[in-house]
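In this note's numbering, the protein residues as written are 2 to 462.
One structure is given here, and the rest of the page talks about it.
Laid out in structure tokens, this is it:
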């Protein structure tokens, strides 16, 4: 019986050797004892050893892994299991291993091990992956509320204190969070964002804290770092914190208190060097009363509260925002500049914008895409915004020889005057201040002086 088994073993090995000679990836065939009994030419190149030398090695001499030999002995198949190979110079290289067990008479005899080079992200690639897109210069607004918000945000950017950003959906809370990170001492580190409302409760915990190998069914081999670890030396942005389930609120509170985390299925305490910025559109105080949000967590997050105003509460910014986004979308989409009728602009200015900046951007992109001519009328606007004003505009246009020039309504003139006054108040009345004000407004210095003279005659400056 033993002779028959040995014969079958040799026949199996011969078949395997014939097949493996055609595979370009490095291959080792090992006995269950760990002894290497076959290698292909690619393996000689990877390990920088000849076939004769490799056949005198054990698996543990060639691969750094405490569990791989155990998997061979148990006959457990593996797919993309992370290991490190050790070359002749003693250098270690990351590889992924696939294990195919070999059986003779239903008994484990060894395994075929196939290795694929593991691509490891460089620090540069990681930072680029989690880099910010926005800075304070990308936030547009000259209303008193926005000026005060940006001044406050710039002051606290260098701090490591926790920030809670509040405001309605679409107001630009993540843009503000990215801008704070960009101006911080952690700007060279990653900005890692996660939306607590967009990920199922069952997955949110592992996304935040990571997990160890074998922590649960379907877990990635070798485990996976969570967002706290990925944000090391950078900023973690928890969007929609009001949607975090209660059991995770308790874990987050512990992290904020101890500045350490544990992966799911692990016991190692991992230090956290990350600044936390959270955001929500919900009324957290009411959620505390109803028992949906922890009061102790609220105060841990509420160290530096910032509030982004709704667009309807800073209507004086609309003129500048409309001009900016019309030009931006026009340039991006290769469209000619467009003019607004007085009625169309009045409609945009009077609309309440429940979706805030996000809705404004979408509306203006819609207009730039669909309006064929250079004149934007009320009928060019989305139905949800124009309502029943089309007839009103037609009557107005019929009563006039030509449509009003773009942005020429008296309400727009008042808005323009406000912008100029705010710019002068911000930059000062010196020659240098006026130069900066003109640059900020996107007009020439000569134009600014003409507008200022007009305002002086009205006794407004």
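Quick reminder that beta carbons are idealized off the backbone N, C-alpha and C, glycines included.
Every value quoted in this text rests on a predicted model; they were computed, and no experiment measured them.
>> Determine whether the beta carbon atoms of residue 53 and residue 113 lie at a separation below 7 Å.
In response: no
>> So, at 8 Å on beta carbons, what are the nonlocal neighbours of residue 146 in its own chain, with the 5 sequence-adjacent residues on each side left out?
In response: 310, 314, 315
>> Could you check whether residue 40 and residue 76 sit closer than 7 Å to each other, using their CB atoms as the reference points?
In response: no
> So residue 1 packs on residue 275, CB below 8 Å; how close in whole Å?
Replying inline: Outside the shown range of the chain, which is 2 to 462, sits residue 1, and nothing can be said about it.
> What are the complete beta strand (DSSP E) segments, minimum 3 residues, inside the segment 244–322?
Replying inline: 276–281, 305–308
> Between the C-alpha atoms of residue 257 and residue 213, what's the straight-line distance to the nearest angstrom?
Replying inline: 22 Å
>> Under DSSP, the beta strand (DSSP E) around residue 448 begins and ends at which residues?
In response: Element bounds for residue 448: not the beta strand (DSSP E) but the alpha helix (DSSP H), 446–458.
> Smallest Cα separation from residue 259: which of 250, 272, 335?
Replying inline: 272
> Which stretch, first to last residue, makes up the beta strand (DSSP E) that contains residue 196?
Replying inline: 192–196
> What's the call for residue 400, buried or exposed, on a 16-neighbour Cβ count within 10 Å?
Replying inline: The predicted position of residue 400 is uncertain, since its pLDDT is 46 and thus under 50; a value taken from the coordinates is nonetheless stated next. It is exposed - the Cβ of residue 400 has fewer than 16 other Cβ atoms within 10 Å.
> Terminal residues of the continuous beta strand (DSSP E) containing residue 165?
Replying inline: 164–167
> When the Cα atoms are used, what is the spatial distance from residue 394 to residue 365?
Replying inline: The predicted model places residue 394 with a pLDDT of 49, which falls under 50 and marks its position as unreliable; any figure quoted below should be read in that light. Near 19 Å, if we compare the C-alpha coordinates of residue 365 and residue 394.
> If you run the structure through DSSP and keep just helix, strand and coil, what is residue 27?
Replying inline: coil
> Leaving out the 5 sequence neighbours to the left and right, which residues in its chain are closer than 7 Å to residue 225 when beta-carbon positions are compared?
Replying inline: 211, 212
>> Within a Cβ cutoff of 8 Å, which residues of the same chain sit near residue 246, ignoring the five residues on either side of it in sequence?
In response: 202, 205
> Leaving out the 5 sequence neighbours to the left and right, which residues in its chain are closer than 6 Å to residue 238 when beta-carbon positions are compared?
Replying inline: 178, 194, 278
>> If you follow the beta strand (DSSP E) that residue 216 is in, where does it begin and where does it stop?
In response: No beta strand (DSSP E) holds residue 216; DSSP gives it neither H nor E.
>> Less than 7 Å between the beta carbons of residue 119 and residue 95, yes or no?
In response: yes
> What do you reckon, are the CB atoms on residue 169 and residue 198 nearer than 7 Å?
Replying inline: no
> Between residue 144 and residue 318, which are expected to be in contact by the criterion C-beta below 8 Å, what is the C-beta distance as a whole number of angstroms?
Replying inline: 5 Å
>> Alpha carbons only, please: which of 154, 111, 251 is nearest the one belonging to residue 1?
In response: The structure shown does not extend to residue 1, since the chain is modelled only from 2 to 462, so the question has no answer here.
>> Going by DSSP in three states, residue 133 sits in which element: helix, strand or coil?
In response: coil
> Anyone know if the C-beta pair for residue 285 and residue 254 falls short of 7 Å?
Replying inline: no
> So the alpha helix (DSSP H) residue 342 belongs to, where does it begin and stop?
Replying inline: Residue 342 -> no alpha helix (DSSP H), and no H or E assigned at all.
>> Between which two residues does the alpha helix (DSSP H) holding residue 145 run?
In response: 145–157
> Quick one: is residue 341 buried, meaning 16 or more other Cβ sit within 10 Å of its Cβ, or exposed?
Replying inline: buried
> Pick from 222, 339, 354, 188: whose alpha carbon is nearest that of residue 372?
Replying inline: 339
> Are the Cβ atoms of residue 357 and residue 163 separated by less than 7 Å?
Replying inline: no
>> Just to confirm, is the Cβ distance from residue 100 to residue 83 under 7 Å?
In response: no
> So, residue 28 versus residue 64, is the Cβ gap smaller than 7 Å?
Replying inline: no
>> Within 10 Å of its beta-carbon, does residue 180 have 16 or more other beta-carbons around it, so buried, or fewer, so exposed?
In response: buried
> Near residue 411, which residues of its chain fall below 7 Å by C-beta distance, leaving aside the five closest residues on each side in sequence?
Replying inline: With a pLDDT of 49 at residue 411, under the threshold of 50, the modelled position of this residue cannot be trusted; read the value that follows with caution. For residue 411, where only same-chain residues beyond five positions count, there are no Cβ hits under 7 Å.
> Quick one: what's got a C-beta closer than 6 Å to residue 440's C-beta in the same chain, skipping five residues either side?
Replying inline: none
> So is residue 290 buried or exposed if we call it buried at 16+ other beta carbons inside 10 Å?
Replying inline: exposed
> Rounded C-beta distance between residue 55 and residue 48? I'm assuming under 8 Å.
Replying inline: 6 Å
> Relative to the C-alpha of residue 266, which residue among 216, 150, 327, 66 is closest?
Replying inline: 216
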